[in-house]
Amino acid sequence: MEMINCIQAVLIRKKMSKSANTISAICTNKSQPPLKDMKSIAEILDVDIRELLISTKG
20 MEMINCIQAV LIRKKMSKSA NTISAICTNK SQPPLKDMKS IAEILDVDIR ELLISTKG
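Numbers in this note's numbering are just positions in the sequence shown, counted from 1, shifted up by 19.
Right, dumping it as structure tokens:
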């Protein structure tokens with residue numbers, strides 16, 4: 020599967036762990052959350068939502 024998000028990197032940078040299967044699947048890009056959920060994740064991690072996504076521009 021294509022790498023779309025970089026949530027795992029943000030979790031590591033913030034020294035937060037992942038435990039639920041859903042979060043694990045998202046962090047390994049096996050599953051992608053809806054944009055609404057990405058917004059919630061960004062708020063919880065206190066980061067801009069753009070930090071959770073891999074840029075489509077080089």
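Ideal placement from N, C-alpha and C gives every residue a C-beta, glycine not left out.
The structure presented is a predicted model; accordingly, all values stated were derived computationally and were not measured.
DSSP links residue 24 through a beta bridge to 72. Exclusion of the five residues before and after residue 73 leaves 22, 23, 24 and 25 as the residues of its chain whose Cβ lies within less than 7 Å of its Cβ. One Cα belongs to residue 59, the other to residue 71, and the distance between them is close to 11 Å.
For residue 65, no alpha helix (DSSP H) encloses it, and the DSSP letter there is neither H nor E.
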